[in-house]
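So the structure is just underneath, and the comments pick up after that.
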Amino acid sequence: MDYRQQTIADSLYRNNIDIGALKQSDRKCVVCAENTLLIIGEGYDNKTKYVCSNKICNCQYSLA
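Shown next, in the form of structure tokens:
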């Protein structure tokens, strides 16, 4: 595991996000344009929180 993958794994662990327990979204990631978005849950102001499961991208954001 390289440094970037270790940093991503540490970040997910600190935020209590279990990638294996999340459901797949039908949207594409706005950063890497892959169909790798997973739904974390409902956030503030009815915005859905997502995390990208791409090993290189791994961004997190909310969309209305």
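Every letter in the sequence shown is one number past the one before it in the working numbering, and letter 20, counting from 1, is 491.
In this text, a Cβ means the ideal position worked out from N, Cα and C, and glycines have one as well.
1. Less than 8 Å between the CB atoms is what I'm expecting for Ile511 and Ile488, so what's the real figure, rounded?
2. Buried or exposed, going by whether 16 or more other CB atoms sit within 10 Å of the CB of Leu508?
3. Taking 9 Å as the cut-off, decide whether the C-beta atoms of Asn529 and Ser482 are in contact.
4. Where does Leu483 fall in DSSP's three states?
5. Spatial neighbours of Arg485 within its chain, please: C-beta separation below 6 Å, excluding the five flanking residues on both sides.
So, from the listed chains and residues:
1. Position 40 of the sequence shown, counting from 1, holds the residue named residue 511. Position 17 of the sequence shown, counting from 1, holds the residue named residue 488. 6 Å between Cβ atoms; contact.
2. Residue 508 sits at position 37 when you count from the first residue of the sequence shown. With 16 or more other Cβ atoms within 10 Å, it is buried.
3. To locate residue 529, count along the sequence shown from 1; it is residue 58. To locate residue 482, count along the sequence shown from 1; it is residue 11. Annotated as proximal: Asn529 and Ser482, with beta-carbon spacing under 9 Å.
4. Taking the sequence shown and counting its residues from 1, one reaches residue 483 at position 12. Leu483: helix per DSSP, three-state reduction.
5. Reading the sequence shown from its first residue, position 14 is the one you call residue 485. Around Arg485: no qualifying Cβ.
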